[in-house]
Amino acid sequence: MNLFSTLEDIDKDRYFIATYKTKSTTTLAALAWDIAVGQSVGNPAIRNKWEDDELYLNHSCLILNNKDILEKTNEGLVDIAFPVANIDWENDGVNHLICQLMGGHTDINIVERCRLVGLQLPEHVKNKFKGPKFGLSGIRKLTGNYNKPLLGGILKPKVIHKASILEDMVRELIDGGVDFIKEDEIMSSVPHLPLEQRVDIVATLLSKVNYKLIFCHTINADPYDILRRCVKVMELGGNGVHINILGGLGVYNSVRRLDLPIYIHFQSSGQKIFTDIRSPYSISWPVMCQLATWMGVDTIQTGMIGGYSNDDPGEIMQCINILREGNTVPALSCGFHPGMVDWVTEQVGVDYLANSGGAIHGHPGGTLAGARAMRQAIDKQHGIEYKQAVDLWGVRV
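The opening position of the sequence shown corresponds to residue 13 in our numbering, with each subsequent residue numbered one higher.
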């Protein structure tokens with residue numbers, strides 16, 4: 013049987029295409045064969061009597077690279093076409109998609125390295141995903157802020173230990189002019205300040221002010237409880253949820269399929285467990301962002317340029333472009349302070365969320381002054397709070 017083909021020769025509606033950056037202990041041709049067979053129809057090395065022509069015609073992966081070229085090298089890019097027919101796109105979801113893309117072949121001894129760096133879905137499959145319910149366009153409409161970055165505030169300390177602190181902090185962030193607030197990923201439903209109590213405090217506070225913003229409550233848990241908590245947030249008057257990537261990629265798709273009037277924030281802390289290029293088996297962060305916008309997250313912690321994180325600026329820019337195309341807001345944070353706003357905006361444009369925690373709460377004048385300093389930087393109306401911030405942290409040029 014010949015599983016080698018070309019992109020031009022396949023029916024593109026019948027396949028989704030994965031691009032891997034790989035290294036084999038033998039040849040790329042052998043590695044590609046093991047992925048194609050092992051992730052679709054059977055054991056890469058052993059055939060059996062149940063395999064027939066119909067199986068291979070309808071359910072086998074195809075290798076889209078030239079066999080002769082792959083046999084001459086052991087390291088490089090491999091393109092594999094996966095049959096659309098092997099997934100129930102209405103019900104199997106993203107977790108099963110990842111199982112096919114990054115599953116059993118990582119156990120094969122000749123696959124020394126394998127990084128998923130590209131993923132293409134036919135349009136009729138993309139249409140199975142809902143995409144963002146609100147996204148960039150919806151958030152701009154809600155807040156009334158156009159043609160400039162959106163301003164986000166992160167609650168600090170990470171664990172809020174008193175209801176009175178939560179209420180006072182949120183009030184100061186609102187008075188400071190933020191568009192978006194999120195709890196940190198450490199908070200979920202801590203016994204001393206459970207989720208239901210926090211939602212009630214924030215919803216009551218927001219009902220008393222004539223100000224439109226998004227507040228994302230952290231609902232990290234196992235999948236069943238994440239869905240239950242998402243519904244509870246809505247019932248109690250909340251308008252946003254914060255879910256960490258370690259809750260499972262497919263949970264974002266599940267939450268979006270509930271189709272609730274809830275903003276979904278994808279928190280990426282911990283994503284390097286899956287995406288670190290130094291790992292022998294990984295998924296690139298741009299592919300993750302592509303999946304995120306298809307699944308329908310409204311905002312996603314994308315990374316940072318010029319901050320204290322070690323993100324690759326080129327990769328972050330690639331992710332920003334992917335997310336904008338899908339109407340998902342890229343959130344940038346990790347060291348964001350008022351003196352960085354102009355520089356970051358010059359690098360990436362205005363369509364992003366400037367998320368700040370430390371520089372807001374650590375401002376010499378406190379949280380209210382810190383939020384105002386960020387607001388002044390974004391609005392280019394520099395006041396005393398902005399001056400105090402740049403005196404402390406400087407201006408990025």
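Built from N, CA and C at the ideal position, the CB exists for glycine as well.
Note that the C-beta distance between D91 and T31 is below 8 Å. A residue is called buried when at least 16 other Cβ atoms come within 10 angstroms of its Cβ; I231 meets this threshold and is buried.
Annotation: F141 is outside any alpha helix (DSSP H) and is labelled neither H nor E by DSSP. Non-local beta-carbon contacts of Y223 in its own chain, meaning distances under 7 Å to residues more than five positions away in sequence, involve I186 in chain order.
For K220, there is no enclosing beta strand (DSSP E), as DSSP marks it with neither H nor E. Here the segment 326–344 lies against the segment 148–167, with 3 or more beta-carbon pairs under 8 Å apart.
In the three-state DSSP reduction, C242 falls in the helix class (H, G or I).
Counting only residues of its own chain and dropping the five nearest sequence neighbours on each side, V362 has a CB closer than 8 Å to the CB of N159, K160, P161. Contact annotation: the segment 278–285 does not touch the segment 323–334, with fewer than three C-beta pairs closer than 8 Å. Distance from the CA of I372 to the CA of M181, rounded to the nearest whole angstrom, comes to 11 Å.
Secondary structure within the segment 361–397: the beta strand (DSSP E) runs of 3 or more consecutive residues, fully enclosed, are 365–368 (chain order).
Residue pairing by DSSP places K35 opposite E87, R125 in a beta bridge. Comparing C-alpha distances from T311 to each of R59, T85, L163 shows the shortest one belongs to L163. Excluding the 5 residues flanking it on each side, K142 has same chain C-beta neighbours closer than 6 Å at R268, G308, in chain order. I92 is bridged by DSSP to A30, I75. In the structure shown, the three-state DSSP call for L19 is helix. The criterion of a C-beta distance shorter than 8 Å is not satisfied by H173 and H136. Where L178 is concerned, the enclosing alpha helix (DSSP H) starts and stops at 175–188. L380 places its beta carbon less than 8 Å from that of E184. In the DSSP assignment, N256 falls within the unbroken beta strand (DSSP E) covering 252–256.
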